[in-house]
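> So for the sequence shown, this note's numbering puts the first residue at 9; every next one is plus one. Glycine is no exception: its CB is placed at the ideal position from the N, C-alpha and C atoms. As the structure is a computational prediction, the values presented were derived from the model and not from experiment.
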Amino acid sequence: MKTFKKFLVFALLGVMLTACANKKEEEPYYRTGSKQEIENYYRNKVFAPYFGENKFYATYSMAKIIKEADKEGYYTVKFLNGPYEGQTIKTKDIIRKTLPVTAEDLKRGDVVLRDFWVPRDPTKSARDRWNKAVVYDIRKIDEGRVVIELPHDSNDFIPTKETVYISALRHIEDPVTRDPRRIIP
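The following block contains the structure:
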């Protein structure tokens, strides 16, 4: 009876190890999921203004670079969505790289790109209207919300404030962008 129990234990152990080994082989190398799919979508795209070019209050839409910067610094881009979808323009004002915002790395005064539609679930956004904003208040960040300011220029000391979900924000990595207002500490 003891040998049968030992045999049964080793047989079950062997079956479990075989099942675990097969499961690891079946897992894909590239992870998928809604957040990863969104990042893959943003990875090769830039943001170009279709309203208010070279202004802090410009409204951006997703675009693809057709031709890199010429001698004067103008890029040729084609809009992928938004009101000018399919149109090609030349502009100096593009946002080349953005990263998702996390609660740990967001601080007051950061300049971010805000999805106009402010979706709780980013997969349900049209992703066609973006604005630069300045993080104003992070007290409700544990609830997934922050207060942002939308200043128009360097003289706008009473800008519009909105509460948005952090899933609707992206850090602007390239080019480095600062708050247009000169605030005396």
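Tell me whether aspartate 123 sits in a helix, a strand or coil according to DSSP, three-state version.
Strand, per DSSP.
> Counting pairs of Cβ atoms below 8 angstroms between the segment 146-161 and the segment 78-94, do you hit three or more?
The segment 146-161, when compared against the segment 78-94, does not touch it at the 8 angstroms Cβ threshold.
> When the Cα atoms are used, what is the spatial distance from aspartate 113 to proline 167?
The alpha-carbon atoms of aspartate 113 and proline 167 are separated by roughly 24 angstroms.
> Alpha carbon to alpha carbon, how far is glutamate 33 from lysine 13?
Unreliable placement is indicated for glutamate 33, whose pLDDT of 44 sits below 50; the coordinate value is still reported in the next sentence. Those two C-alpha atoms are separated by around 31 angstroms.
> Considering only heavy atoms of the ligand COA, does any lie closer than 7 angstroms to the CB of alanine 19?
Here there are no bound small molecules, and the ligand COA is not part of this structure.
> Run through the DSSP bridge pairs and tell me what lysine 107 is partnered with.
The sequence given here places leucine at residue 107; lysine does not occur at that position. For leucine 107, which the question treats as bridged, DSSP gives the partners His179.
> Apart from the five residues on each side of it in sequence, which residues of its chain come closer than 6 angstroms, Cβ to Cβ, to aspartate 136?
Here the set comprises Ser69, Asn89, Gly90.
> Take the Cβ of lysine 140 as the centre, count every other Cβ of all protein chains shown within 10 Å, and call the residue buried at 16 or more, exposed below.
Buried: at least 16 other Cβ atoms inside 10 Å.
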